[in-house]
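Structure first, commentary second.
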Amino acid sequence: MTSQVSSPAEQTDAALVGEQRASGNGGEAKEVRRLDRVIIRFAGDSGDGMQLTGDRFTSETASFGNDLSTLPNFPAEIRAPAGTLPGVSSFQLHFADHDILTPGDAPNVLVAMNPAALKANIADVPRGADIIVNTDEFTKRPMAKVGYATSPLEDGSLEAYNVHPVPLTTLTIEALKEFGLSRKEAERSKNMFALGLLSWMYHRPTEGTEKFLRAKFAKKPDIAEANVTAFRAGWNFGETTEDFAVSYEVAPATKDFPTGTYRNISGNLALSYGLIAAGRQSDLPLYLGSYPITPASDILHELSKHKNFGVRTFQAEDEIAGIGAALGAAFGGALAVTTTSGPGVALKSETIGLAVSLELPLLVVDIQRGGPSTGLPTKTEQADLLQAMYGRNGEAPVPIVAPRTPADCFDAALDAARIALTYRTPVFLLSDGYLANGSEPWRIPDVEELPDLRVQFASGTNHQLADGTEVFWPYKRDEQTLARPWAVPGTPGLEHRIGGIEKQDGTGNISYDPANHDFMVRTRQAKVDGIEVPDLEVDDPADDSGRGARTLALGWGSTYGPITAAVRRVRRAGEQIAQAHLRHLNPFPRNLGEVLARYDKVIVPEMNLGQLATLLRAKYLVDAHSHTQVSGMPFKAEQLAEVFKEAIND
């Protein structure tokens with residue numbers, strides 16, 4: 016398996032480097048072509064198992080050693096009407112023999128399980144691409160549901176594509192006759208038939224999928240064997256049918272990656288592991304107080320499995336109770352976390368303000384989705400940056416950290432924990448649905464590589480009164496970090512007040528004094544402003560004359576992959592452009608103002624209406640140019656490349 020960074024071949028046309036071998040079991044030899052990359056999209060009804068199919072293909076691809084990036088896309092409804100456009104579910108996988116950054120702009124292969132899947136996805140499919148269609152579903156009623164007056168398989172509308180008509184349902188039912196299943200039961204395995212066919216086409220391993228199916232249906236061995244049989248039947252169909260005269264190989268990615276053990280990982284899983292690692296590295300129990308919400312629920316599900324690592328999970332009755340329990344756990348000496356999405360952040364805002372006032376470490380994990388209100392639960396967006404920055408009453412500054420890739424969610428979780436524990440503050444961790452559900456290879460780090468996050472709890476008095484009495488002041492601060500001491504309840508002699516009413520400096524007593532309030536507000540802001548974050552790194556290759564670029568592409572969060580892929584396209588076309596990407600959004604890196612001043616133009620692509628650009632204009636008085644998208648889908652590299660070219664040449 017491979018890593019997820021940099022490649023000059025990113026998003027180039029799948030290059031045929033030419034290799035032919037004999038294939039088949041004694042029949043006519045079939046041609047085998049080698050490609051450097053492939054983009055496949057599985058699409059069907061939300062009951063057709065497209066996410067499972069894509070996940071299994073991804074797992075086998077990862078074990079084979081390709082680099083990969085995925086884009087699951089599913090409807091918000093639990094079960095939309097069968098065969099309708101709102102009910103279409105898809106899974107796109109980009110895999111290659113080199114390192115890649117995005118799930119790809121357009122699929123080389125579309126597997127369409129019904130007319131709705133074809134109609135919903137055909138606009139993304141380039142001319143000359145392969146389309147595998149389940150012809151059994153192209154009957155009058157299913158086609159009428161999505162507005163096909165005539166069959167697209169017969170009216171010439173697909174002449175620009177390589178169409179492979181396959182009666183997937185019929186072939187699956189025929190393959191499973193010996194199991195005595197009803198037609199409906201047998202039909203459910205057609206996704207495994209399709210998976211077997213695609214596994215043959217791209218020489219994917221099969222052992223892992225068969226083992227997975229037998230484990231998944233261990234309590235129903237007949238169903239397990241039926242799915243394995245359908246999977247093998249799809250493989251054999253590809254091997255024997257004349258319609259598929261060519262199969263393809265994509266070699267493992269073995270160059271330019273650090274030695275290590277790799278695994279495929281999604282953003283939410285990486286984030287969960289990062290939280291567990293933070294708990295271990297801080298030597299604190301990890302406590303999650305949460306309420307289920309798409310697309311953050313997977314973190315609650317995953318952390319609930321790891322009690323052996325000192326993890327406690329609490330599924331509260333609502334968002335407010337979830338963060339209230341987490342803040343209580345922080346007061347009690349735990350590494351406290353609450354997970355949610357944008358609508359939940361709104362409900363948690365008062366308690367986040369309380370955490371600012373109490374100055375306790377708390378991780379607020381926001382897996383962003385489209386809004387406003389409940390919005391687009393299964394679609395991605397970067398719409399919560401200003402909410403994280405300002406969405407509380409009063410002056411309540413909160414640090415903000417944003418991962419850039421699914422695998423980077425692990426490191427971002429550790430970084431957020433470092434800030435929370437060191438500076439005694441709540442911290443926002445802003446991921447989004449694209450990162451949460453997408454996956455890529457991740458090098459499993461050695462424990463020795465992880466940061467030491469251990470903290471010292473207050474254990475005795477820390478202040479001497481004028482009369483010489485030794486006392487404990489809960490708001491007496493560390494001179495460097497401005498963090499107050501963390502006193503675990505029940506420690507003798509360290510009793511102190513908590514609550515949301517303003518504290519007196521040092522003593523923590525209730526205070527309504529105007530001068531004290533002014534001082535405390537400014538001190539809390541200074542604490543956040545003083546957080547140590549790395550300087551912003553800029554990728555700005557000079558041309559032959561030594562002159563650097565005059566245009567900077569600046570992003571944050573999940574736009575990293577599309578922006579980087581687009582920058583590489585622009586550079587391959589002979590243009591000069593620099594790139595930088597922000598992980599820390601509050602406080603900004605100290606050199607950000609100097610970086611922005613170097614460039615004539617700063618382009619800021621965001622999946623919102625320009626929230627980062629607004630912050631940059633306000634703080635640095637720079638004319639940051641927004642390029643925005645709020646479609647619920649990530650940027651495409653080609654789209655951004657054109658934007659960057661126009662900016663350079665304008």
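Following our numbering, the numbering of the sequence shown begins with 16 at its first residue and continues without gaps. Heads up, the beta-carbon is just placed ideally off N, CA and C, and yes, glycines get one too. Note that the coordinates shown come from a computational prediction; the quantities given were computed from them, not determined experimentally.
**Message:** Let me check one thing: in DSSP terms, what residues is residue 599 bridge-paired to?
**Reply:** Counted from its first residue, the sequence shown places residue 599 at position 584. As DSSP reads the structure, residue 599 sits in a beta bridge with 416.
**Prompt:** Between residue 136 and residue 106, what straight-line distance do the alpha-carbon atoms span, to the nearest angstrom?
**Reply:** Taking the first residue of the sequence shown as 1, we reach residue 136 at position 121. Taking the first residue of the sequence shown as 1, we reach residue 106 at position 91. Rounded to whole angstroms, the separation of the alpha carbons of residue 106 and residue 136 is 11 Å.
**Asked** Is residue 34 helix, strand or coil by DSSP?
**Response** In the sequence shown, counting from the first residue as 1, residue 34 sits at position 19. With a pLDDT of only 40 at residue 34, under 50, the local geometry of the prediction cannot be trusted, and no value is derived from it.
**Request:** Report, in whole angstroms, the separation of the C-beta atoms of residue 384 and residue 396, which I expect to be a contact under 8 Å.
**Result:** On the sequence shown, residue 384 is found 369 positions in, with the first residue counted as 1. On the sequence shown, residue 396 is found 381 positions in, with the first residue counted as 1. Confirmed, Cβ separation roughly 6 Å.
**Asked** Is DSSP giving residue 516 helix, strand or coil here?
**Response** As a position in the sequence shown, residue 516 is number 501, starting the count at 1. Note: residue 516 maps to coil in three-state DSSP.
**Request:** Evaluate the contact criterion for the segment 153-165 versus the segment 122-134: three or more CB pairs, one atom per stretch, below 8 Å.
**Result:** Segments in contact, yes.
**Request:** Kindly list the residues whose CB is nearer than 7 Å to the CB of residue 401, restricted to its own chain and excluding five residues on each side of it in sequence; keep chain order.
**Result:** Mapped onto the sequence shown, residue 401 falls at position 386. Within its own chain, the residues whose Cβ lies closer than 7 Å to the Cβ of residue 401, once the five positions on either side in sequence are excluded, are 626, listed in chain order.
**Message:** Can you tell me where the alpha helix (DSSP H) holding residue 343 begins and where it ends?
**Reply:** Within the sequence shown, the letter at position 328 stands for residue 343. Counted as a single uninterrupted DSSP element, the alpha helix (DSSP H) harbouring residue 343 occupies residues 334-346.
**Message:** Starting from residue 179, trace the beta strand (DSSP E) in both directions and tell me its first and last residue.
**Reply:** As a first step, residue 179 must be located in the sequence shown, where it is residue number 164. Here the beta strand (DSSP E) through residue 179 covers 177-181.
**Message:** Between residue 413 and residue 297, how many whole angstroms is the CB-CB distance? I'm expecting something under 8 Å.
**Reply:** Residue numbering aside, residue 413 sits at position 398 when the sequence shown is read from its first letter. Residue numbering aside, residue 297 sits at position 282 when the sequence shown is read from its first letter. Going by Cβ atoms, the distance from residue 413 to residue 297 rounds to 20 Å, so no, they are not a contact pair.
**Delimiting residues of the beta strand (DSSP E) encompassing residue 571** = By 1-based counting over the sequence shown, the position of residue 571 is 556. From DSSP, the beta strand (DSSP E) with residue 571 extends over 566-571.
**Request:** Could you tell me whether the segment 603-613 touches the segment 578-588, using the rule of 3 or more Cβ pairs below 8 Å?
**Result:** Note that the segment 603-613 does not touch the segment 578-588; fewer than 3 beta-carbon pairs, one per stretch, sit closer than 8 Å.
**Nonlocal neighbours in the same chain, by C-beta distance under 7 Å from residue 664, ignoring five residues either side** = In the sequence shown, the residue the question calls residue 664 occupies position 649. For residue 664, where only same-chain residues beyond five positions count, there are no Cβ hits under 7 Å.
**Item:** Sufficient close CB pairs (3 or more, under 8 Å) joining the segment 481-500 to the segment 522-536
**Value:** The answer is yes - the segment 522-536 touches the segment 481-500, with three or more Cβ pairs under 8 Å.
**Extent of the continuous alpha helix (DSSP H) to which residue 236 belongs** = In the sequence shown, residue 236 corresponds to position 221, counting from 1. Where residue 236 is concerned, the enclosing alpha helix (DSSP H) stretches over 236-255.
**Asked** Which residue comes first and which comes last in the beta strand (DSSP E) that contains residue 640?
**Response** Here residue 640 corresponds to residue number 625 of the sequence shown, with the count starting at 1. Its beta strand (DSSP E) spans residues 639-643.
**Asked** With distances taken between CB atoms, is the gap from residue 74 to residue 102 smaller than 7 Å?
**Response** As a first step, residue 74 is located in the sequence shown; it is residue number 59 there, counting from the start. As a first step, residue 102 is located in the sequence shown; it is residue number 87 there, counting from the start. Not in contact: residue 74 and residue 102 (Cβ atoms no closer than 7 Å).
**Request:** Would you list the residues sitting across from residue 169 in a DSSP beta bridge?
**Result:** In the sequence shown, counting from the first residue as 1, residue 169 sits at position 154. Beta-bridge pairing links residue 169 to no other residue.
**Item:** Three-way DSSP call (helix, strand, coil) for residue 39 in this model
**Value:** Counting from one through the sequence shown, the residue named residue 39 turns up at place 24. Since pLDDT at residue 39 reaches only 46, below the 50 mark, its modelled position is unreliable, and the value read off the structure follows with that caveat. If DSSP states are grouped into helix, strand and coil, residue 39 belongs with coil.
**Item:** residue 301 (DSSP reduced to helix, strand or coil)
**Value:** Here the question's residue 301 lines up with position 286 in the sequence shown. If DSSP states are grouped into helix, strand and coil, residue 301 belongs with the strands.
**Request:** Going by CA-CA distance only, name the one from 417, 585, 357 that's closest to residue 389.
**Result:** As a first step, residue 389 must be located in the sequence shown, where it is residue number 374. Measuring from the Cα of residue 389, the nearest candidate turns out to be 357.
**Prompt:** Cβ of residue 180 within 7 Å of Cβ of residue 150?
**Reply:** Here residue 180 corresponds to residue number 165 of the sequence shown, with the count starting at 1. Here residue 150 corresponds to residue number 135 of the sequence shown, with the count starting at 1. The answer is yes: Cβ separation under 7 Å.
**Asked** Is it a yes or a no for the segment 637-654 touching the segment 415-429, going by three-plus beta-carbon pairs under 8 Å?
**Response** Because the criterion of three Cβ pairs below 8 Å is not met, the segment 637-654 and the segment 415-429 do not touch.
**Asked** Is the segment 367-381 in contact with the segment 343-352, if contact means three or more CB pairs nearer than 8 Å?
**Response** Enough Cβ pairs lie closer than 8 Å, so yes.
**Item:** Sheet register partners of residue 620 (DSSP bridge)
**Value:** In the sequence shown, the residue the question calls residue 620 occupies position 605. According to DSSP, which records beta bridges pairwise, residue 620 is partnered with 642.
**Message:** For the pair the segment 269-282 and the segment 443-454, tell me if three or more CB-CB distances fall below 8 Å.
**Reply:** Verdict: yes, contact present.
**Item:** Where residue 528 falls, given that 16 or more other Cβ within 10 Å makes a residue buried
**Value:** Numbered from its first residue, the sequence shown carries residue 528 at position 513. Looking at its Cβ environment, which holds fewer than 16 other Cβ atoms inside 10 Å, residue 528 is exposed.
**Message:** Quick check on the burial criterion: 16 or more other C-beta atoms within 10 angstroms. Buried or exposed for residue 192?
**Reply:** Against the sequence shown, residue 192 aligns to sequence position 177. Counting Cβ neighbours within 10 Å, residue 192 comes out exposed, since fewer than 16 surround it.
**Request:** Please confirm if the segment 172-190 is in contact with the segment 217-235, defined as three or more CB-CB distances below 8 Å between the two stretches.
**Result:** With contact defined as three or more Cβ pairs closer than 8 Å, the segment 172-190 and the segment 217-235 are not in contact.
**Ranges of the alpha helix (DSSP H) found wholly within the segment 384-459, counting only runs of at least 4** = Here the runs fully enclosed are 400-405, 423-438, 448-452.
**Message:** Taking DSSP's pairing of strands, which residues face residue 80 in a bridge?
**Reply:** Taking the sequence shown and counting its residues from 1, one reaches residue 80 at position 65. Answer is none; residue 80 lacks a bridge partner.
**Item:** Those residues which DSSP pairs with residue 329 across a bridge
**Value:** Position 314 of the sequence shown holds residue 329. DSSP output for residue 329 lists 304 as bridge partner(s).
**Asked** Buried or exposed: where does residue 153 fall if 16 or more other Cβ atoms within 10 Å of its Cβ makes it buried?
**Response** Counted from its first residue, the sequence shown places residue 153 at position 138. Answer is buried; the Cβ neighbour count reaches 16.
**Item:** Short Cβ contact (7 Å threshold) for residue 69 with residue 108
**Value:** By 1-based counting over the sequence shown, the position of residue 69 is 54. By 1-based counting over the sequence shown, the position of residue 108 is 93. Yes, they are a contact pair.
**Prompt:** Mind checking whether residue 283 and residue 308 have CB atoms under 7 Å apart?
**Reply:** Within the sequence shown, numbered from 1, the residue matching residue 283 stands at position 268. Within the sequence shown, numbered from 1, the residue matching residue 308 stands at position 293. No, they are not a contact pair.
**Item:** Neighbourhood of residue 571 by C-beta, 7 Å cutoff - its chain only, sequence neighbours within 5 removed
**Value:** Translated into positions along the sequence shown, residue 571 becomes position 556. Counting only Cβ-Cβ distances below 7 Å, and skipping sequence neighbours, we find 417, 596, 597, 600, 627.
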